[in-house]
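>
Protein chains: 2
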Amino acid sequence: MKIALAQLNYHIGNFQYNTDKIIEVLKKQKLLGTHLVVFSELSVCGYPPRDFLEYKAFVDVCEISAQKIASETYGIACIIGLPIKNTKPNGKNLFNAAYFIENGKVNATVKKALLPNYDIFDEYRYFEPSREFSCINFMGYKIALTICEDLWNFGNNPLYSICPMDELIKEQPDLMINIAASPFNYNQDKLRMEVLQQNCCKYNLPLFYVNHVGAQTELIFDGGSTVINREGSVIAKFNYFEEQVETFDFEKMEVGFKSEVFEEPADIEQIYQALVLGIRDYFRKSGFSKATLGLSGGIDSALVCALAVDALGAENVMAVLMPSKYSSDHSIADAEKLVQNLACKSMILPISSIAQSFEEVLKPAFNNLPSNIAEENLQARSRGVLLMAISNKLGYVLLNTSNKSETAVGYGTLYGDMCGAISVIGDCYKTLVYQLCNFINKENEVIPQNSITKPPSAELRPDQKDSDSLPDYDLLDKVLYQYIEETKSAAEIINMGYDSETVQRILNMVNNAEFKRYQTPPILRISPKAFGMGRRMPIVGKYLA
Amino acid sequence: MKIALAQLNYHIGNFQYNTDKIIEVLKKQKLLGTHLVVFSELSVCGYPPRDFLEYKAFVDVCEISAQKIASETYGIACIIGLPIKNTKPNGKNLFNAAYFIENGKVNATVKKALLPNYDIFDEYRYFEPSREFSCINFMGYKIALTICEDLWNFGNNPLYSICPMDELIKEQPDLMINIAASPFNYNQDKLRMEVLQQNCCKYNLPLFYVNHVGAQTELIFDGGSTVINREGSVIAKFNYFEEQVETFDFEKMEVGFKSEVFEEPADIEQIYQALVLGIRDYFRKSGFSKATLGLSGGIDSALVCALAVDALGAENVMAVLMPSKYSSDHSIADAEKLVQNLACKSMILPISSIAQSFEEVLKPAFNNLPSNIAEENLQARSRGVLLMAISNKLGYVLLNTSNKSETAVGYGTLYGDMCGAISVIGDCYKTLVYQLCNFINKENEVIPQNSITKPPSAELRPDQKDSDSLPDYDLLDKVLYQYIEETKSAAEIINMGYDSETVQRILNMVNNAEFKRYQTPPILRISPKAFGMGRRMPIVGKYLA
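The listed protein sequences correspond, in order, to chains A and B.
Numbering of the first sequence is given in my numbering, commencing with residue 1 and proceeding in unit increments.
Numbering of the second sequence is given in my numbering, commencing with residue 546 and proceeding in unit increments.
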């Protein structure tokens, strides 16, 4: 039995595109003599379809697409993922399902039993968990087919009271297949591989695992599909962050392929690739090709610019330098150096005259009150307006350049530097921003060393430094990590040895910035806990952990 | 047995405030000889606490607060709502629970069985559904205590396979108590009352029902607590949108109170009150008192200004008139008339010089390209910057004035008129905006008649009218309602008799505006389907229903 795993990049709700892509692979694989092609979870509609699932018509189109795919399965079988209707009177309207299709017919339907409903996942919002389990017979083999999370309980996952493989194993299957939509974060590859290997060892069965690849707005699916033998040895490992289709001979594998050693790429490299894919897919899937961003001479915008050039090509990136009277000479020089290194487009739009216009109009209202955050924000917002004007007039999409540290504590101007269609590094703490820049510079200086080494500054008033308002980023990021990723309380963090006042101050800043974060662009997710759908906090809430 | 129902306005995570409020009622009721005081769902922490629940320390403080409340229950019992830990190894970490407290001790714990996980609800994200049911014994009576959604299945709600009252009735209880956090929408009061009355009739039991009141950011809890006898007759009905505590004599009720006829306020009045409470609580719970907004002379900003004056007082509202060269004379006159009628503060900040500064700086970049949306947005964004400057310098919080029709189709400028801390009428279609203005004007002209009758215009270019870009609002709103509230597909809407091209165009506009809506402020929810947490759509998705 020849099994092909198809690790593909789908587009949510783009049925024509997804169906064509699936059929193209089927046709190619038929010519190669493949017996079964496996596509990933919800491959027909893309993952996550979210509230499109509340449209009956959307679910109907999924079924129509499946039938279109079925008509291409004469001589080759396939497994596809799609939402299907729950025909029983009880339970939610839908199941998250897989069709096993052969000779134009759906010969088996598998429904997902374990529905993730934490962090970025909302599956229980739409789907009824299945409690029916049976293997699929194909070419004399019994296949235990499961969907993503279904393999994530060995009886010790407190979230679930059922273990689908414990049910399926009763039928004595010959192999496991799992179709997944498991999004990237920098811990996920190791964790996922552990879970998959443990399944093989526990059930003494080989596993064919297919994951989504590609970004869907903020979620980046990394692929990394794999084949693991019954001893838990990795037989094959797909690339991360790109499409790949590979065929495996089940019988040959059975008589003992020698397990290879697959080295995982370093986290920093994966994060870099994830961000590039995140930008590229946001543009491609939205129908855009050109990006603009404000280039300050600082490290954050420099990093975003370099990522954008890698994702979209230098000719498609327009860096806008917007110096004010508080901009230092080195800022402009550093920004220009970067533009030169990357060979992207650039323009200079000085903001002093605009800020002055605002201040003149506001003079009677400001009534000689001392200069404060209002004047600083005027500058940041003048830049936001200029960037959006470039976007509107010339068809560039604005990239946001805020990092996770400043997004966390609200050190940014709403409608100013917080503008943008997508936040590229909003899930990267400042300390990770430095690491990413050094990674980019590992062979030659792309990001000017001065942008990396100079003290961070918003340059919105004379001699301003980030450290005037914030703790050092080394300290800040550690405390933020404990609060955001580890959901530790102030008391617990202080007990770890951090200064009490500093911790309270940081946590207060995070909580008080919820209203700003609510209006922040979607943030490319690379950590286990990103701002956005994965972290849902009250805005008028008063609690300080 | 004297039972008091306490319909109170809690503040999420403000434990001191909530606990003090609960204890104050307990003390007063003890003096009145009350035996049992019932507080609403999650009263200890406020509803919805969202991801605060992922902080162990948050849940610990809930328990500490409960113990503080318990120490005030000598001589009086109470029921409070709070999250509690799931001590079993299986299932999610928490239960949504109620404590029955008497003489300083928690004598019974009831856990919610039916967990709403649709629309704005995410309860399955945090809570394990309970499968244990038993009545509470108090003063010789058996009380069937349930939590909110627990009463919403009569065996025919497909979302749930269990009906808690069907279990509890086996113990032959004497009465039902339900503690709720049921948010307002214009259909909810009738629906809720029906459900509660049906429960009384089905189980032949009287019901004491206590709901939350008050707004938590976008969610507005309307109260409307009630007592219903075993025949389904309404014995008492609490006010909407305000705190109220009432005591009832269970025995007297039993021998037959005459059922009163409680007239429900009209939807339009309820919506008006909901919006006023939404504004008021947003400010009060965030620690602010003063609001600003841009006043264009049009109907939307006029309505928001009138609502803000009712919510915060005229002295706390600053209307900012920002005429451009495209503003008509009547716009300024209408805005000034409104300011006069409302007696609120105002200032005039002309934007022509600012727009000119932007255009001068952008001249080389714009390169003589024809004037388009870029120049229009420059004006809207200049106004956004001015309003935020007033906010930053003078401590006013900016109210957003976009309506639901324009939010739906993306007829608004991101970082321009889409700015604001909270969107007041973003869940009100334009046609509802007219109704609300007429409601406000029913006794005397508050909103200038000319603002209501003139053709809507953004006034961003000469002689612009909304109808240049959009179908008439009467038609637009009907199609939007079918697509958004009723989740109908294009085909279904066209089948209702609407023009095919218009429907496709409108639905396309809605889907293409997801990226804008993602960055819109939280929207006060008054309908069964508001933009925000209740409607979660992919941004790069391609589907058109």
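Don't be surprised by glycine CBs; every beta carbon is placed ideally from N, CA and C.
Note that the coordinates shown come from a computational prediction; the quantities given were computed from them, not determined experimentally.
(1) Do G626 of chain B and S588 of chain B count as a contact pair if the criterion is CB distance below 7 Å?
(2) Compare the C-beta of V821 of chain B against all C-beta atoms of chain A and say whether one is closer than 7 Å.
(3) Sorted by chain position, which residues of the same chain lie with C-beta nearer than 6 Å to V227 of chain A's C-beta, five sequence neighbours on each side aside?
(4) Give a yes or no on whether 7 Å exceeds the smallest Cβ distance from F903 of chain B to chain A.
(5) Following the continuous beta strand (DSSP E) through L866 of chain B, name the residue where it begins and the one where it ends.
(6) In chain B, which residues lie with their C-beta within 9 Å of the C-beta of E556 of chain A?
(7) Under 7 Å between C-beta atoms, does I1068 of chain B make it to chain A?
(8) For a quick check, are the C-beta atoms of Y543 of chain A and G1077 of chain B less than 7 Å apart?
(9) Would you tell me roughly how many angstroms separate the C-alpha atoms of V570 of chain B and A643 of chain B, rounded to the nearest one?
(10) Find the nearest neighbour of L1015 of chain B within the set B:G971, B:E951, B:Q1064, B:K1061, judged by alpha-carbon distance.
(11) Please report the distance separating the alpha-carbon of V954 of chain B from that of G971 of chain B.
(12) Could you give the C-beta distance for Q244 of chain A and G223 of chain A, rounded to a whole number, given that I count them as a contact under 8 Å?
(13) Give the secondary structure of L378 of chain A by DSSP, where H, G and I count as helix, E and B as strand, and everything else as coil.
(14) Below 7 Å between beta carbons is the criterion; list the residues of the segment 185 to 215 of chain A that meet it against any residue of chain B, in chain order.
(15) Does the count of Cβ pairs from the segment 387 to 406 of chain A and the segment 292 to 311 of chain A closer than 8 Å reach three?
(16) Cβ of Q435 of chain A less than 7 Å from any chain B Cβ?
(17) Take the Cβ of L460 of chain A as the centre, count every other Cβ of all protein chains shown within 10 Å, and call the residue buried at 16 or more, exposed below.
(18) Using a 10 Å radius around the Cβ and a threshold of 16 neighbouring Cβ atoms, would you call G842 of chain B buried or exposed?
(19) How far does the alpha helix (DSSP H) with M509 of chain A in it extend, from its first residue to its last?
(20) Which of the three DSSP states, helix, strand or coil, is assigned to S331 of chain A?
(21) Strictly under 7 Å for the Cβ-Cβ distance: is K1087 of chain B near chain A by that measure?
(22) Nearest by alpha-carbon distance to P364 of chain A: which of B:M933, B:L894, B:P593, B:S1072 is it?
(23) Can the beta-carbon of L720 of chain B be found less than 7 Å from the beta-carbon of L750 of chain B?
(24) Check for me: the beta strand (DSSP E) holding Y99 of chain A runs from which residue to which?
(25) Can you check DSSP and say which residues form a bridge with S423 of chain A?
(26) Residues in its own chain within less than 7 Å of G636 of chain B by CB, not counting five upstream and five downstream?
(27) Quick one: measure Cβ to Cβ for P993 of chain B and L883 of chain B, integer angstroms, because I've assumed they're closer than 8 Å.
(28) Using a beta-carbon distance cut-off of less than 7 Å, what residues from the segment 676 to 709 of chain B approach chain A?
(29) Kindly list the residues whose CB is nearer than 6 Å to the CB of C973 of chain B, restricted to its own chain and excluding five residues on each side of it in sequence; keep chain order.
(30) Mapping the DSSP letters down to three states, classify T691 of chain B as helix, strand or coil.
(31) Let me check understanding here. Comparing Cα to Cα, which of B:C607, B:T958, B:K870, B:M546 lies closest to T579 of chain B?
(32) Beta-carbon of K566 of chain B versus every beta-carbon of chain A: anything under 7 Å?
(33) Along the chain, which unbroken stretches of the alpha helix (DSSP H) at least 4 residues long are found entirely within the segment 266 to 328 of chain A?
(34) Quick one: any contact between the segment 367 to 385 of chain A and the segment 923 to 933 of chain B, if contact means 3 or more CB pairs under 8 Å?
(35) Near F52 of chain A, what residues of its chain come up, given a Cβ to Cβ distance below 7 Å and the 5 sequence neighbours on each side ignored?
(36) Using a Cβ-Cβ cut-off of less than 9 Å, list which residues of the segment 21 to 52 of chain A approach chain B; keep chain order.
On the basis of the coordinates in this document:
(1) yes
(2) no
(3) F208, I235, A236, F248
(4) yes
(5) 862 to 866
(6) Nothing can be reported for residue 556 of chain A: it is not among the residues displayed for chain A, which extend from 1 to 545.
(7) no
(8) no
(9) 18 Å
(10) B:E951
(11) 12 Å
(12) 7 Å
(13) helix
(14) none
(15) yes
(16) no
(17) buried
(18) buried
(19) 500 to 512
(20) helix
(21) yes
(22) B:L894
(23) yes
(24) 94 to 102
(25) A:N400, A:I523
(26) E673
(27) 6 Å
(28) P703, L704, S706
(29) N948, K949
(30) strand
(31) B:M546
(32) no
(33) 267 to 286, 299 to 312
(34) yes
(35) G13, F58
(36) C45, G46, P48, P49, R50, D51, F52
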